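Chemist: Protein chains in written order, with my numbering: chain A, 1 to 361; chain B, 362 to 593.
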Amino acid sequence: MNNILTVQNLIVRRGGVKVLDIGALNVQESRILALIGPNGAGKSTLLLTMAGLLKPDQGEMCYKNRPVKSSADRSRMRKSVCVVFQEPLLLNTTVYKNVALGLKFRSLTNGEIRKNVEDALDYFGISSLAGRSAKTLSGGESKRVSLARAFALKPELILMDEAFNSLDPPTRETLIDDLRHVLEETKITAVLALHDREETLRLAQDVTVMSEGRLIQSGATAQIFNQPDSEFVANFVGTETILEGTVKKSNAGLMEISIAGKTIEAMGNYPPGQDVYCCIRPENITVLQDTPEKTSARNTFKARIQKIVRQAFFYKMILDCGFPVVAYVTVSSCDDLGLCEGSTIIASFKATAVHVMKREK
Amino acid sequence: MELIVQGIIKAFQLIFSFDPEVLGITWLSLKISGTATFISLFIGVSIGTLVALTNFPGKRIVISIINTGMGLPPVVVGLFVTIIIWRSGPLGFLEILYTPYAMIIAQAIIATPIVMGISLASIQNLPPNLRLQILSLGASRMQMVWVLIKESRLPLLAAVMAGFGGVISEVGASIMVGGNIKGYSRVLTTATVMETGKGNFDIAIALGIILLLLAFLVNLLLTQIQQRQHPR
Chain A
1 MNNILTVQNL IVRRGGVKVL DIGALNVQES RILALIGPNG AGKSTLLLTM AGLLKPDQGE
61 MCYKNRPVKS SADRSRMRKS VCVVFQEPLL LNTTVYKNVA LGLKFRSLTN GEIRKNVEDA
121 LDYFGISSLA GRSAKTLSGG ESKRVSLARA FALKPELILM DEAFNSLDPP TRETLIDDLR
181 HVLEETKITA VLALHDREET LRLAQDVTVM SEGRLIQSGA TAQIFNQPDS EFVANFVGTE
241 TILEGTVKKS NAGLMEISIA GKTIEAMGNY PPGQDVYCCI RPENITVLQD TPEKTSARNT
301 FKARIQKIVR QAFFYKMILD CGFPVVAYVT VSSCDDLGLC EGSTIIASFK ATAVHVMKRE
361 K
Chain B
362 MELIVQGIIK AFQLIFSFDP EVLGITWLSL KISGTATFIS LFIGVSIGTL VALTNFPGKR
422 IVISIINTGM GLPPVVVGLF VTIIIWRSGP LGFLEILYTP YAMIIAQAII ATPIVMGISL
482 ASIQNLPPNL RLQILSLGAS RMQMVWVLIK ESRLPLLAAV MAGFGGVISE VGASIMVGGN
542 IKGYSRVLTT ATVMETGKGN FDIAIALGII LLLLAFLVNL LLTQIQQRQH PR
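1. If the cut-off is 9 Å on Cβ atoms, which residues from the region 510-529 of chain B count as contacting chain A, listed in chain order?
2. Quick one: Cα of residue 65 of chain A to Cα of residue 8 of chain A, how far?
3. Figure out for me which residue from B:394, B:574, B:571, B:548 has the closest Cα to the Cα of residue 386 of chain B.
4. Give me the chain A residues within the contact set of residue 504 of chain B, using Cβ-Cβ distance strictly less than 9 Å, ordered along the chain.
5. With a cut-off of 8 Å, does the C-beta of residue 450 of chain B fall near any C-beta of chain A?
6. Let me know the alpha helix (DSSP H) ranges lying completely inside the region 48-108 of chain A, each 4 residues or longer, listed in chain order.
7. Check the Cβ of residue 497 of chain B against every Cβ in chain A and list those closer than 7 Å, keeping chain order.
8. From the DSSP output, which residues share a beta bridge with residue 269 of chain A?
9. Between the region 477-496 of chain B and chain A, which residues of the former have CB atoms less than 8 Å from a CB of the latter, in chain order?
10. Near residue 230 of chain A, which residues of its chain fall below 8 Å by C-beta distance, leaving aside the five closest residues on each side in sequence?
11. Within the chosen definition, does the region 512-531 of chain B reach the region 397-414 of chain B through at least 3 CB pairs nearer than 8 Å?
12. Using a threshold of 7 Å, is the CB atom of residue 496 of chain B nearer than that to any non-hydrogen atom of the ligand GTP?
13. Count the C-beta pairs between the region 487-502 of chain B and the region 428-441 of chain B that are closer than 8 Å, then say yes if the count reaches three, no if not.
14. Would you kindly work out how many angstroms separate the C-alpha atoms of residue 498 of chain B and residue 74 of chain A, rounded to a whole number?
15. Counting only Cβ pairs nearer than 7 Å, list the residues of chain A close to residue 500 of chain B.
16. So residue 321 of chain A is in the alpha helix (DSSP H); what residue range does that whole segment cover?
17. Nearest-angstrom Cα distance between residue 167 of chain A and residue 139 of chain A?
18. DSSP state of residue 210 of chain A, grouped into three classes?
19. Would you report the Cα separation of residue 301 of chain A and residue 225 of chain A, rounded to the nearest angstrom?
20. Alpha carbon to alpha carbon, what distance is there between residue 321 of chain A and residue 404 of chain A?
21. Can you give me the C-alpha to C-alpha distance between residue 95 of chain A and residue 492 of chain B, rounded to a whole angstrom?
22. Pick out whichever of A:325, A:227, A:52, A:237 has its Cα sitting closest to the Cα of residue 198 of chain A.
23. Which residue or residues does DSSP assign as beta-bridge partners of residue 243 of chain A?
24. Show which residues of chain B have a CB atom less than 7 Å away from the CB atom of residue 92 of chain A.
25. Select from the region 182-215 of chain A all residues with a C-beta closer than 7 Å to any C-beta belonging to chain B, and list them in chain order.
26. What in chain B is Cβ-close to residue 153 of chain A, meaning under 8 Å?
27. When DSSP labels each residue in this structure, what does residue 592 of chain B get in the three-state scheme?
28. On the three-state DSSP scale, how would you describe residue 310 of chain A?
29. Residue 89 of chain A CB to nearest chain B CB: under 8 Å?
30. I need the straight-line Cα distance from residue 209 of chain A to residue 584 of chain B, nearest angstrom please.
31. Could you give the DSSP three-state label for residue 432 of chain B: helix, strand or coil?
32. Could you tell me the boundaries of the beta strand (DSSP E) in which residue 164 of chain A lies?
33. Report the residue from B:570, B:415, B:546 whose alpha carbon sits nearest the alpha carbon of residue 484 of chain B.
34. Just verifying my parser: in three-state terms, what is the DSSP assignment at residue 116 of chain A?
35. Could you tell me which uninterrupted alpha helix (DSSP H) segments, each at least 4 residues in length, are contained entirely in the region 426-504 of chain B, listed from first to last along the chain?
36. Going along chain B, which residues have a C-beta under 8 Å from residue 48 of chain A?
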């Protein structure tokens, strides 16, 4: 797969403070890359730099194998790259004129502009809004117009900064689906700055985790979520259980790890004596009333429910198995099993559900 | 009370008799203040936009100076313009003292900071990322600035109204640099001052009403344009 954009040793300072220090980042053509990280991680600054809107203090950037150095290079690059900001940033005119804005800068004929605008409005299901004033639109409609304005340009690379912020859940849901559909259909390369795990899982093929202006881990989405390589990434991608342990035995890819006097089995090849982190995603833990007679799960522990926290569609349970474990249980399962704080249950998980990371002392 | 009633009756007589002298004064007022506002619009919007979009050391001081200029006393402007275009002044060779040109210059100096201050504030009030958004859509710097100015058109029209209102109603500078010469540099405000001085209150009230009417009509026109900018 070709890289459409590559970044090497990029440093950006603001007010004398280093806000971005990127070793290497590649954006592959026709892929969807999510930049995730907490607030202040530098996602927006990186997007602006990649869009040629911010001049880096140091480092190299290549767009389609051509170095982007001068302001003329950045200006040229902006003709095929487009940014969608957090706020819709629509002009005080009609929806049609807003969507046509970028096309007018490209000196297209009126016929070409009309065709592109109509296509883009159609993509996002807002053809009926063409004549409306942008100032009268709802949040979701405004967001759709700002997306249509970007897609009308048929950019080679689209960069989106927290595109779904401040939208109500149903609007957000449908917009995510529509955006995914449009990206799949158009094959436009996209880089999305996100901080929501669910949005990341639904949209991105690749993920880069950022913190304090640096890249922490990059890889395919499944790899980042299932095999985080640091405690920070594990925490950020929602691995609720991160346990400190030491490898006791290691044989043919199966390890026995000692955690707080208990032993769990996990896949991996770290040598005995190695200090490790064991990461278990809450959805991979099964809660049962009794020890099952037959189970494929290698780890089964008697546990006491320490705390039950109601989430939107499930309960989050903090279990004490001799070590703390977080599990998600559906509302109906919780009611069926009659679970409450203080009750004793069985928690089980497979060896493959435990992601083991090396721990430095 | 009788004086006011007489004044109003006289005003309507003057307006509807199409008195050539009054028409001449009104037309000159409109020409001088309109030209001065146009000049101030060009300079004020350009510099206001430049200051709003550029970051430089001392920007806050510059903005404070512009804001102070919005309350520039017309007599002070009149004094400085008189000194500059006085026969022995730096621009004395132009020989424009006591001409409508001098009045245009003085009024443009009064209106420019008003237009500049409002333009600056309106451009600064736009969302900070809007200019980056416009650039990211492929605009050149000049295209971006033009879009921002167009986006600020409502407050900019308010700036025109404020600038025009400021100069059509000022008297100090006009009298100092124009000299209130009959048929040449006499405008509504200077004529009102003169007639009041002579005790011709009815004519003074009439001229005052015409001045108010003129200001109202110009602002009505600009408001119509401003409100039409709201797409439905």
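Don't be surprised by glycine CBs; every beta carbon is placed ideally from N, CA and C. These numbers were taken from a predicted model, which means no experiment stands behind them.
Modeler: Well, looking at it:
1. 511, 512, 514, 515
2. 13 Å
3. B:548
4. 104, 105
5. no
6. 71-77, 95-104
7. 51, 53, 78, 82, 83
8. Answer is none; residue 269 of chain A lacks a bridge partner.
9. 488, 490, 491, 493, 494, 495, 496
10. 216, 217, 357
11. As far as the Cβ criterion goes, the region 512-531 of chain B touches the region 397-414 of chain B, which means the pair count is three or higher.
12. As for the ligand GTP, it is missing from this structure, which has no ligand bound.
13. No, they do not touch.
14. 13 Å
15. Contact note: residue 500 of chain B reaches chain A through 105, using a C-beta cutoff of 7 Å and chain order.
16. In this chain, residue 321 of chain A is not harboured by any alpha helix (DSSP H), its DSSP state being neither H nor E.
17. Taking the Cα positions, residue 167 of chain A is about 7 Å away from residue 139 of chain A.
18. strand
19. 25 Å
20. The structure shown does not extend to residue 404 of chain A, since chain A spans only 1 to 361, so no value can be given for it.
21. 18 Å
22. A:237
23. DSSP, once it has assigned bridges, lists A:278 as partnering residue 243 of chain A.
24. 512
25. Those residues of the region 182-215 of chain A that come within reach of chain B (Cβ to Cβ, closer than 7 Å) do not exist; the list is empty.
26. 498, 499
27. Below a pLDDT of 50, predicted positions are generally treated as unreliable, and residue 592 of chain B, at 47, falls in that range; no measurement from the model is reported.
28. strand
29. yes
30. Taking the Cα positions, residue 209 of chain A is about 52 Å away from residue 584 of chain B.
31. coil
32. Note, residue 164 of chain A: premise wrong, no beta strand (DSSP E); not H, not E.
33. B:415
34. helix
35. 435-446, 461-485, 491-497
36. 493
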